[in-house]
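2 protein chains.
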Amino acid sequence: MAIIRNTIAKKAVFEIIQSNSTAMSQTEIFAKVNNICDRVTVYRILERLVKEVKIHKIVNINGVINYAPCNSCEHEQQVHHDHLHFSCTTCKKLTCISDNHIELNIPSNYQVAEVFLTVSGICPSCSTIL
Amino acid sequence: MAIIRNTIAKKAVFEIIQSNSTAMSQTEIFAKVNNICDRVTVYRILERLVKEVKIHKIVNINGVINYAPCNSCEHEQQVHHDHLHFSCTTCKKLTCISDNHIELNIPSNYQVAEVFLTVSGICPSCSTIL
DNA sequence: TACAATTATGCAACATTGTTGCGTTTATAA
DNA sequence: TTATAAACGCAACAATGTTGCATAATTGTA
């Protein structure tokens, strides 16, 4: 029922998320918004973009919530994001890595909805610096 | 070099974490401590217990950091916790589930340290209520 | 093109979670 | 029993996220 509006701030936020190679936190996004809008507005835009399935939320291994575009995901199913997230312990960046289908061994009385798979370590750009 | 002390508060916090069937957040732990000590002290105790490898940190899918005892983990290796975490979307509880060895497909220029595997859904006790 | 409806925003205020500094207390080894 | 360093309490601060409400802006429709 609700009509979706495409505001300047919303377009800017989405553009920022989409043009970045790694997932970004609200803080990082707000820093790049360059005062086009308020801090609170960024929170609300992110919330809407998640609901519209244009971006998705990823929790980093330190608990920081990051946002990444839903580029390579099949929105038809909308439930499974069957890819893996790499969390660099050096630069703290979170990167999406292509499909990784895994077999799980979970007791049948658990109802599985989504699988979150994150791997920590050192990303290519951080390891080449050393 | 540092001498480890076993204080009343530390014992209480560890006991709380160990006697709970699911992982607990700082907030939940502090609520159970019953004012034996300050809020800040709980943070510092948790930090120490993690360092001493008596408990480990788990990030829930909502970004909340939880703590669970290192009961069934092999401390010899200390690096891999090759088990899976189930995050119930109804009661928000985080439960450790037995070993799940998985095969990953990660580009060779990424240096893998740890694997974090969390599954969301509905836990047995929440699904039986319905 | 103008208008009405309602979505989106800004601002202020608040809540929660986590951190730091420092003086005091307490556990432990000698 | 005592010295010493670890642990603590308290206050203050910082970061992150939320809510209410008045105002602004977008979009479909007349």
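Top line first, the protein sequences correspond to chains A and B.
Residues in the first sequence are numbered from -2 upward in steps of one, following this note's numbering.
Residues in the second sequence are numbered from -2 upward in steps of one, following this note's numbering.
Ideal placement from N, C-alpha and C gives every residue a C-beta, glycine not left out.
Keep in mind the model is a prediction, meaning the values are calculated, not measured.
S105(A): not part of any beta strand (DSSP E); DSSP gives it neither H nor E.
Chain-ordered, the chain A residues with CB closer than 9 Å to the CB of C120(B) read N106, Y107 and Q108.
Scanning its chain for C-beta atoms nearer than 6 Å, with the 5 sequence neighbours on each side dropped, one finds no residue around I5(B). Using a C-beta cut-off of 8 Å, the region 102 to 120 of chain A makes no contact with the region 31 to 45 of chain A, since fewer than three inter-stretch Cβ pairs fall below that distance. Less than 7 Å separates the beta-carbon of K54(A) from that of I62(A). Around N57(B), the same chain offers N63, S84 and L91 as residues with beta carbons nearer than 6 Å, after the five sequence neighbours per side are excluded. With respect to chain B, the C-beta atom of E111(A) has a partner C-beta closer than 7 Å.
Closer than 7 Å to the CB of L91(A) there is not a single CB belonging to chain B. Going by beta carbons, P66(A) and Q23(A) fall outside the 7 Å limit. Not a single CB atom of chain A sits nearer than 7 Å to the CB of S22(B).
Buried is the label assigned to L46(B), since at least 16 other Cβ atoms lie within 10 Å of its Cβ. Cβ contact annotation for T38(B) (same chain, cutoff 8 Å, sequence separation greater than five): A6, in chain order. Below the 9 Å Cβ cutoff, chain B contributes I99, L101, V112, F113, L114 and T115 as neighbours of L114(A), in chain order. By the beta-carbon neighbour count (other beta carbons within 10 angstroms, threshold 16), A28(B) is exposed.
Assigned with DSSP and collapsed to three states, C120(B) falls in coil, not helix or strand. Shown here, K54(B) sits in a strand according to DSSP, grouped into three states.
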